[in-house]
Amino acid sequence: MTPGCRSEKIFVAFWTFLLSGLCHVIADWQAGEPCHPHDDLLFFVANFMASALELLVVRRLERVKGYRADHDKDIWSVLLKTTNRVVGYVWVLGFFFWITPKWQYPKLKCSASDTNSVVFDLAAPQGE
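Laid out in structure tokens, this is it:
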């Protein structure tokens, strides 16, 4: 593996996400978090996978278009660059809107049941 090659960059990014997830797992364990500590690791690995997928899609689209929007200065290139940014922000918002409840809800539910605190369950039928 040569320094600065694509596979090295992918490995470094994966290693960073993996270590971050492991640090969160260890921090939860040391703080006495009894509920779903492995979900932190899955969350960070899922973030790496989403980033890798996003980069793959962007590179493929650039290859299909035959150029990058950064190099041209006409109105269509500016419009394409702006559209790409908007789609990128919507993608990130949508991904976190999808993944965060899967990561946090089981922990919150477990923590609430362990402490015998009152939790309002929106999925439960009313009147019970």
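Take the sequence shown: its position 41, counted from the start at 1, is 41 in UniProt numbering, and no numbers get skipped. Yeah, the Cβ is synthetic: ideal placement off N, Cα and C, and Gly gets one too.
Could you give the residue range of the alpha helix (DSSP H) that holds Cys-23? 6-30
Do the segment 86-93 and the segment 7-17 touch if we need at least three Cβ pairs shorter than 8 angstroms? no
If you draw a straight line from the alpha carbon of Ala-50 to that of Phe-95, how long is it in whole angstroms? 8 angstroms
Mind the definition here: the segment 32-51 touches the segment 100-108 only if three or more C-beta pairs lie below 8 angstroms; say whether that holds. yes
Let me check understanding here. Comparing Cα to Cα, which of Leu-41, Pro-3 and Ser-20 lies closest to Gln-104? Leu-41
Leaving out five residues before and five after Ala-46 in sequence, what residues of the same chain have Cβ atoms less than 7 angstroms from its Cβ? Closer than 7 angstroms at Cβ, skipping near neighbours: Ile-99.
So, is Gly-21 buried or exposed, given that buried needs 16 or more other C-beta atoms within 10 angstroms? buried
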